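Visitor: If you use the numbering used here, the sequence shown corresponds to residues 65 to 322, in order. Quick reminder that beta carbons are idealized off the backbone N, C-alpha and C, glycines included. Only a predicted model underlies this, so the values are computations on that prediction, with no experimental measurement involved.
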Amino acid sequence: MPIDRYAYINRLRHVHPGEKIFFAFAMMLLSFIPNIYINIAIIIIIASISILRAGIPLRFYLKLMSLPLTFLFMGIITILFGTSNKPDVFIIYMRIAHIYIGLSKKGVATGILLFSRSLSIVSCLYFISLTTPMPEFMSVLKKMKVPSLLLDLMELIYRFLFVLIETAEQIYISQDSRLGYISFKTALNSLAYLISVLFIKSYTNAEQLYIAMESRCYNGDIRLLENSYKISYTNIAFIAFTVFTLIALVLWTGGYTS
């Protein structure tokens, strides 16, 4: 997967994973402040670091950011419109009997705030995914005393996600080369076969993995080789400066302004 590949080859690869994760979580916490300006600032800061500092291609980053847009628009469209018996609460409205239905001022303000907040949180999650490999992310969570059972489940799910995608691609290529998707009826049959075979292969791979782990003295705890990193005080200073600057932005703008 491209996201996983960039996590290993980006220019922030050798930065302490704890610093990157702490920075992303700090930005996520700040995004919950009801202020549209801070959300826009977080989106710009994360995008600038990801593209200019980490070296993520601009086109790929914009493509990633566009993926949740449809979901976000569908989510806020119900917030934008409302009903009332007074027309002055709407920007655009239509009257049905004694009820006014339209684009409300409060709905627009709330919708813009929620949209910017959601996009800023998504950008923070992308920052972690694009700059921090999963084993290092798991290592940080382990140091944070996250239960080992949860970490093992995350590791196995992450592993089998790639196995499923690779297996599905191989089956699809094999079917497509035999004109398995030449018509709608044939495509449905091929898709049903792909899903059934994928389930069987997934179960077989899981069983083989468990046997391999048992043969290596698996005792319920998956141990990963951890890399050693040095904490950068420059990065810590940058994180602190960014956080205080965003807080100052909130105080200067005086909260959310519709």
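1. On the DSSP letters alone, give me the boundaries of the beta strand (DSSP E) that residue 147 sits inside.
2. Residues in its own chain within less than 6 Å of residue 148 by CB, not counting five upstream and five downstream?
3. When every heavy atom of the ligand ZN is checked, does at least one fall within less than 7 Å of the C-beta of residue 317?
4. Return the bridge partner residues of residue 154 from the DSSP annotation.
5. Consult DSSP for residue 108 and reduce its assignment to one of helix, strand or coil.
6. Is the segment 242-255 touching the segment 214-229 in the sense that three or more CB pairs, one from each, lie closer than 8 Å?
7. For the putative contact between residue 144 and residue 172, defined by C-beta atoms under 8 Å, what is the C-beta separation to the nearest angstrom?
8. In or out: residue 213 buried (at least 16 other Cβ within 10 Å) or exposed?
9. In whole angstroms, what is the alpha-carbon distance linking residue 291 and residue 216?
10. Taking the straight line between their C-alpha atoms, what separation do you get for residue 263 and residue 65?
11. Can you list, in chain order, the stretches of the beta strand (DSSP E) that have 3 or more residues and sit fully within the segment 158-246?
12. I'd like the list of long-range same chain contacts for residue 120, defined as Cβ closer than 7 Å, with 5 residues on each side in sequence excluded.
13. Tell whether a beta-carbon distance below 8 Å holds between residue 313 and residue 105.
14. Residues in its own chain within less than 8 Å of residue 162 by CB, not counting five upstream and five downstream?
15. By Cβ distance below 7 Å, which residues in the same chain neighbour residue 101 in space, the five residues on each side in sequence not counted?
16. Relative to the C-alpha of residue 220, which candidate in 234, 94, 271 and 299 has its C-alpha closest?
17. Which same chain residues end up closer than 7 Å to residue 109 when comparing Cβ atoms and leaving out the 5 residues on each side of it in sequence?
Guide: Taking the structure as given:
1. 145-148
2. 164
3. Among the components of this structure there are no ligands whatsoever, and the ligand ZN is therefore not found.
4. 168
5. helix
6. no
7. 6 Å
8. exposed
9. Approximately 19 Å, taken between the alpha carbons.
10. 21 Å
11. 163-168
12. Around residue 120: 70, 74, 114 and 194.
13. Result yes, Cβ atoms of residue 313 and residue 105 sit closer than 8 Å.
14. Excluding sequence neighbours, residue 162 sits near 149.
15. 313 and 317
16. The residue with the shortest Cα to Cα distance from residue 220 is 271.
17. 306
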